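Working notes, beginning with the structure itself.
2 protein chains.
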Amino acid sequence: MSTVDVRSIEQEALDLTRELCRKPSVSAEERALDETAELVETLLTATGFETRQLEVDGAPPAVYGELAGEGDASLLLYNHYDVQPVDPIELWESPPFEPSLRDGRLYARGAADNKAEIAVRLATIRALHEARGAAPLTIRWIIEGEEEVASPHFEAIVEQNIELLRADGCLWEGGGLALDGRPEIALGFKGNLAVKLDVQALSDDAHSSLAGVLPSAAWRLHAALASIRGADGSVRVRGFHHAVREPSERAREAVAGQSPSVEDELREFFGAEEFVDGLTGLELRKRLTFSPTCNICGIHTGYGGPGIKTVLPAHASAWMDFRLVPDQRPAEVFELIRSHLDAEGFSDVALTFLASAEPAATLPEDAFASRVIGVAERVIGKPSSIFPLAPASLPIVDSLQRHVGVPGLSAPDNPVYGGSAAHAPNEHVRVEDFGPAIEFTIALLDELGS
Amino acid sequence: MSTVDVRSIEQEALDLTRELCRKPSVSAEERALDETAELVETLLTATGFETRQLEVDGAPPAVYGELAGEGDASLLLYNHYDVQPVDPIELWESPPFEPSLRDGRLYARGAADNKAEIAVRLATIRALHEARGAAPLTIRWIIEGEEEVASPHFEAIVEQNIELLRADGCLWEGGGLALDGRPEIALGFKGNLAVKLDVQALSDDAHSSLAGVLPSAAWRLHAALASIRGADGSVRVRGFHHAVREPSERAREAVAGQSPSVEDELREFFGAEEFVDGLTGLELRKRLTFSPTCNICGIHTGYGGPGIKTVLPAHASAWMDFRLVPDQRPAEVFELIRSHLDAEGFSDVALTFLASAEPAATLPEDAFASRVIGVAERVIGKPSSIFPLAPASLPIVDSLQRHVGVPGLSAPDNPVYGGSAAHAPNEHVRVEDFGPAIEFTIALLDELGS
Chain A
1 MSTVDVRSIE QEALDLTREL CRKPSVSAEE RALDETAELV ETLLTATGFE
51 TRQLEVDGAP PAVYGELAGE GDASLLLYNH YDVQPVDPIE LWESPPFEPS
101 LRDGRLYARG AADNKAEIAV RLATIRALHE ARGAAPLTIR WIIEGEEEVA
151 SPHFEAIVEQ NIELLRADGC LWEGGGLALD GRPEIALGFK GNLAVKLDVQ
201 ALSDDAHSSL AGVLPSAAWR LHAALASIRG ADGSVRVRGF HHAVREPSER
251 AREAVAGQSP SVEDELREFF GAEEFVDGLT GLELRKRLTF SPTCNICGIH
301 TGYGGPGIKT VLPAHASAWM DFRLVPDQRP AEVFELIRSH LDAEGFSDVA
351 LTFLASAEPA ATLPEDAFAS RVIGVAERVI GKPSSIFPLA PASLPIVDSL
401 QRHVGVPGLS APDNPVYGGS AAHAPNEHVR VEDFGPAIEF TIALLDELGS
Chain B
451 MSTVDVRSIE QEALDLTREL CRKPSVSAEE RALDETAELV ETLLTATGFE
501 TRQLEVDGAP PAVYGELAGE GDASLLLYNH YDVQPVDPIE LWESPPFEPS
551 LRDGRLYARG AADNKAEIAV RLATIRALHE ARGAAPLTIR WIIEGEEEVA
601 SPHFEAIVEQ NIELLRADGC LWEGGGLALD GRPEIALGFK GNLAVKLDVQ
651 ALSDDAHSSL AGVLPSAAWR LHAALASIRG ADGSVRVRGF HHAVREPSER
701 AREAVAGQSP SVEDELREFF GAEEFVDGLT GLELRKRLTF SPTCNICGIH
751 TGYGGPGIKT VLPAHASAWM DFRLVPDQRP AEVFELIRSH LDAEGFSDVA
801 LTFLASAEPA ATLPEDAFAS RVIGVAERVI GKPSSIFPLA PASLPIVDSL
851 QRHVGVPGLS APDNPVYGGS AAHAPNEHVR VEDFGPAIEF TIALLDELGS
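Set out below in structure tokens:
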């Protein structure tokens, strides 16, 4: 089989990353989505894919492409062309949609999540296809435009296109290398439930001198939050833990064998001096994988400017998200929270469902997963660090598993690292990470096609 | 003595209110303060006052004016030309610095607090002076520019100008009529301590999936707030209540005799269905006058926009204010809160002193106060509703009492009502309230000068 030049693939992947990142495809703001879908389709067509746009009402088009390969083997790739909002814009050192290469890093919104991964996959497949006249195996690729708003229409797209998406296995987005260079493999993702709590205690803000007698939206919200989560960090919502499944022995073994540098990354990238409950080492990693969370994404009430405004706020809001483990279902947890608030006397606290993702994972013993892990360890030369359930969420995993039945994982074909600042200002990828991601992708496609 | 025409004074007071309200004199933003001081000085000069600007380092000028009258009697007037920020601007129905007369109401930021009162005093004194060739008594007037940021330099201004400010008595700002038309008289004001709490738990915002192990600024701030105030509303800061003085019998009698419409106002203007602890009637009024408060003016942390951003906030802030009763001293309470946070394990929570006011009051039996109350009851024809300690704060009262020794009160020379929305969007005064305020002012000046 003909060889390909990794350096020239790297250059093309960098160029493709830049081209994709120039599109301000912010799904939360419905910006530039159609034109980015057009660009993605054009790039796939230029690589030899037969493409089409999969459309459902209310969603930006998902781009689908198929590239026939030698033999019967098939692989499904999943990516998204949308990105997070750029806010807070004042913290960016260069404009987020003008890719800027500085000190070996390419800065742009969406570079790490996940346009560089699209670029690596595209440039590598293109090179293999050109060098050999055919791809090593049939590649099916779906690239949607709503991942950053929790993929609200992906389920509908999957249901209408099940036959297009069938394959021996799927590479989801994500993955990468740990701080110590070990390949990180995610076999699944936690679920998520995002909600908003609102308290309207008065018709209008009052002067703070009336705080002795008028109800306070801020204190009321505070009390509702205290009812949801105890001072020790435990979730107090009745029934919240009932569906939590005991982790399998294979899952526990995987966590025990993970790279210890997970912890170093958190210290390095977030300046964390201590972790919750003094957790370190294996106990910290077990908490990351096996425990649900109860997080405040934001609280906003009353005055928040310079100096002082002596006001008693009429309204208070909290944005929360709960990461869920098998078999916690977001819709059920939402009902549990509503019932809990009512039972605790907080019927006046409005609860809004914002978004959700089901927890879903491929089993560690899955054959497809084993093959990918084997390639990663061989190419990178280090033992893999496996997350039976990554702490983040990826709504599409459940849809693909439930409707298509395709096993999948996130593998190191993704040139990112823990400091890539995905979702944050100054998001970037390092040029040095492109080479290993490309080498892994070449080896994986050859292995799966052999 | 010549009579004056109340209708023409009313028209002039309305015009003056408009003229003053066109100045965006927001002290928190240091906007237009010098030019508003100039306007105020010009208006006083045009009325016959000898004026000067009292300056101390770091403060906008306080305008001082003296108008010699017949006889030895003298009266000090206090006002401020600064106003609150307009935020939230989107709730205003007309631009806050373009006075708008609709349905008998004049809308503008600062109209109720306290530019209409300046206008009523000015137009009335002007009319009396013109009609009679001299004011009924010598009037000294100080109009500062920092009241809405807690008058941080007023003490220094008083200390440097004690002789200018001496008088038989002082009319502070404020006062008005209760919902049932009874004149409201404030003999004193609670103290206030405004502070900010800040928690920096991480160097940067993190992805919310890490909430199981990374410390949360939002939950940490929540815990600090819970340590300060119990779920039952009680202040848990050790020593907070130690200096609280038992109210005098005269003070208790005054509260018992207050207009019951205090409660109706709160229901009507803030849509309050229930009050804290189910308070009503006398118990509600006692709480308003005799109890300190622990209020959240604002909490801001993390995301607060549309939809969802799954973030673990690195930073969280709360703005609080505590209304204090005699003899709670703001500086001492600040130290108590700091010690309390340290003792409760919250040394990591930064506590910033924002502003303060000492509690201070004129005794109900004071002779000057009795004369003013007598005039109010005679002119308005209803028994007065006396607040021995109003629930709000007025930092200047303590400075004037301590350094100048001048007794004072807030009287109904102020054309406002409980729905005036001072400090809030759509602040306004009602045209119908100008007449009674002017009639009271004429009667009071004549009585004090007789």
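Chains as they are written, first to last, in this note's numbering: chain A, 1 to 450; chain B, 451 to 900. Note that beta-carbon positions come from the ideal geometry of N, C-alpha and C, so glycine has one too. Computed from a predicted structure; not experimentally measured.
Asked: Could you tell me whether any Cβ in chain A is nearer than 7 angstroms to the Cβ of H790 of chain B?; Found: no
Asked: Using only the alpha-carbon positions, how far apart do L572 of chain B and A463 of chain B sit?; Found: 8 angstroms
Asked: To the nearest angstrom, report how far apart G169 of chain A and H129 of chain A are at their CA atoms.; Found: 20 angstroms
Asked: Here's a check: name, in chain order, each residue in its chain whose Cβ is nearer than 8 angstroms to the Cβ of E718 of chain B, leaving out the five neighbours to either side.; Found: L629, G868 and G869
Asked: Just to make sure I have the definition right: I need the residues of chain B whose C-beta is within less than 8 angstroms of the C-beta of E155 of chain A. Which are they?; Found: Those within 8 angstroms of E155 of chain A in chain B number zero; the least Cβ separation is about 18 angstroms.
Asked: Is the beta carbon of Q503 of chain B less than 7 angstroms from the beta carbon of V490 of chain B?; Found: no
Asked: Name the two residues that bound the continuous alpha helix (DSSP H) containing W219 of chain A.; Found: A217 to I228
Asked: Answer yes or no: do I142 of chain A and Y78 of chain A have a C-beta to C-beta separation smaller than 7 angstroms?; Found: yes
Asked: Measuring only the C-alpha atoms, how far is A272 of chain A from A651 of chain B?; Found: 8 angstroms
Asked: Can you pull the chain B residues whose beta carbon is under 9 angstroms from the beta carbon of E90 of chain A, in chain order?; Found: Result: empty, since nearest Cβ-Cβ is about 14 angstroms, beyond 9 angstroms.
Asked: Identify which residue in A:A224, A:S208, A:E146 and A:E274 has its Cα closest to the Cα of S653 of chain B.; Found: A:E274
Asked: List, in chain order, every chain B residue whose beta-carbon is nearer than 8 angstroms to that of L492 of chain A.; Found: Residue 492 of chain A lies beyond the residue range present for chain A, which begins at 1 and ends at 450; the question has no answer from this structure.
Asked: Going by other Cβ atoms of all chains shown within 10 Å of its Cβ, with 16 needed for buried, is S339 of chain A buried or exposed?; Found: exposed
Asked: Do the CB positions of S356 of chain A and P183 of chain A come within less than 7 angstroms of each other?; Found: no
Asked: Should I888 of chain B be labelled buried (16 or more other beta-carbon atoms within 10 Å of its own) or exposed?; Found: buried
Asked: For A764 of chain B and G298 of chain A, what's the separation of their Cα atoms in angstroms?; Found: 11 angstroms
Asked: If I follow the unbroken alpha helix (DSSP H) through L470 of chain B, where does it start and stop?; Found: V456 to C471
Asked: Report the neighbours of E274 of chain A on chain B: residues whose CB is nearer than 8 angstroms to its CB, in chain order.; Found: P665
Asked: So which residues on chain B does H207 of chain A lean against when the C-beta distance must stay under 9 angstroms?; Found: P841, A842, A872, H873 and A874
Asked: Can you grab the Cα-Cα spacing for the pair E469 of chain B / H530 of chain B, in whole Å?; Found: 15 angstroms
Asked: Count the other C-beta atoms from every protein chain shown that fall within 10 angstroms of the C-beta of E713 of chain B, then say buried if there are 16 or more, exposed otherwise.; Found: buried
Asked: Check whether the Cβ atoms of V237 of chain A and L336 of chain A sit closer than 7 angstroms, and answer yes or no.; Found: yes
Asked: Assuming the contact rule is C-beta atoms closer than 8 angstroms, G304 of chain A and S767 of chain B should be a hit. Round their C-beta distance to whole Å, please.; Found: 7 angstroms
Asked: Could you run through the stretch 750-782 of chain B and flag, in chain order, every residue whose CB is less than 8 angstroms away from some CB of chain A?; Found: H750, T751, G752, Y753, G754, G755, P756, G757, I758, K759, T760, V761, L762, P763, A764, A766, S767, W769, D771 and R773
Asked: DSSP three-state label for T289 of chain A, please.; Found: helix
Asked: Would you call G508 of chain B buried or exposed, if buried means 16 or more other Cβ atoms sit within 10 Å of its Cβ?; Found: exposed
Asked: Within the continuous alpha helix (DSSP H) that includes R700 of chain B, where are the two ends?; Found: E699 to A706
Asked: Straight-line CA distance for A369 of chain A to C21 of chain A?; Found: 30 angstroms
Asked: Would you say D180 of chain A lies against chain B (beta-carbon separation less than 7 angstroms)?; Found: no
Asked: Any idea what DSSP makes of N161 of chain A, helix, strand or coil?; Found: coil
Asked: Suppose contacts are defined by Cβ-Cβ distances below 7 angstroms. Is P814 of chain B in contact with P776 of chain B by that definition?; Found: no
Asked: Output yes if chain B places a C-beta closer than 7 angstroms to the C-beta of T352 of chain A; else output no.; Found: no
Asked: Are there 16 or more other CB atoms within 10 angstroms of the CB of P436 of chain A, so buried, or fewer, so exposed?; Found: buried
Asked: Flag this pair as yes or no: are the beta carbons of S216 of chain A and D771 of chain B separated by less than 7 angstroms?; Found: no
Asked: Is the Cβ of I846 of chain B closer than 7 angstroms to any Cβ of chain A?; Found: no
Asked: With 16 other CB atoms within 10 Å as the buried threshold, where does S843 of chain B fall?; Found: buried
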